[in-house]
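Shown next, in structure tokens, is the structure this report addresses.
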Amino acid sequence: MSITTSNLSNKDRLERIWHLLQDAEKLQQERINSGFDYVNLYVEDVESDWLENWGEDVTELPVRLRQWFHNVFEPDWHSIEEIFDPAATKISLQTAGVKRAKLIDLESQVALIVTLKNESSTKTSILLQVHGTDLHYLPENLLMTVLSPLGVVLGCAIAHQTSEVIQLEFTVERGEEFTVEIKSGCLTVTQNFLM
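For the sequence shown, this note's numbering begins at 3 and goes up steadily by one.
As structure tokens, then:
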């Protein structure tokens, strides 16, 4: 059976989903009462935000890197000192440029560090680094990939058993967009950037 939802309004789709969730809850209760093994379908745990936003295209705005040169940063991007103890870390602070770090929760917590350095009025050098925050080494096989807006792989780095940091360095032009994807096991985090 196939259901076409393109002609339904968001309200109709939400109502349809709500009825399907209620049916799933009834089925779960029947299986519990019958003593069968059942799949945990905790309908109560469905987040209301997800239901409220169903059918909407939620597009993450890119991090506007050019603003960093004017000390304007998004709230989840912190100074290196806010995340790491400078005396206890091996993070190279000698690299010139504007640096910010963002904490990322994967199998363990890591930090994506972005360093910007103006090369000319139109070109900027970017150094991307991933450091572990709670472990000496990064999770093995942690993968950082840089993608073009069309999904073309521009570069990648992978953590090995004893990797403390992985990094990629490249140059972008003003107005250029790219995406950084960090993957560990089955978890993937993406961050869009605009120079």
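No residue lacks a Cβ here, since even glycine has one placed at the ideal position from N, Cα and C.
Of the listed residues Glu142, Phe180 and Glu171, nearest to Leu149 (C-alpha basis) = Measuring from the Cα of Leu149, the nearest candidate turns out to be Phe180.
inquiry  = Rounded to the nearest angstrom, what separates His138 and Ala113 at their Cα positions?
reply    = Going from the Cα of His138 to the Cα of Ala113 covers about 13 Å.
Proximal residues to Phe195 (C-beta, below 6 Å), its chain only, five neighbours per side dropped = Excluding sequence neighbours, Phe195 sits near Pro64, Val65, Leu67 and Phe180.
As assigned by DSSP and simplified to three states, the class of Asp107 = Of the three classes helix, strand and coil, the one that applies to Asp107 here is strand, per DSSP.
Simplified DSSP assignment, three categories, for Asn143 = DSSP places Asn143 in coil when its eight states are reduced to three.
message = Tell me the rounded alpha-carbon separation between Leu16 and Leu29.
response = For the pair Leu16 and Leu29, the Cα-to-Cα distance works out to about 20 Å.
request  = Pull up the distance between the alpha-carbon of Glu178 and that of Asn35, whole angstroms please.
outcome  = Taken atom to atom, the span from the alpha-carbon of Glu178 to that of Asn35 is near 58 Å.
task = Starting from the C-beta of Ala159, find all residues in its chain whose C-beta is less than 7 Å away, skip the five residues before and the five after it, and write them out in chain order.
result = Within its own chain, the residues whose Cβ lies closer than 7 Å to the Cβ of Ala159, once the five positions on either side in sequence are excluded, are Met146, Ile168, Gln169 and Leu170, listed in chain order.
key: Residue span of the beta strand (DSSP E) that contains Glu76, given as start and end   = Segment: none, Glu76 is in no beta strand (DSSP E) and carries neither H nor E.
inquiry  = DSSP has Asn120 in a bridge; who is on the other side?
reply    = Paired residue(s): Thr126.
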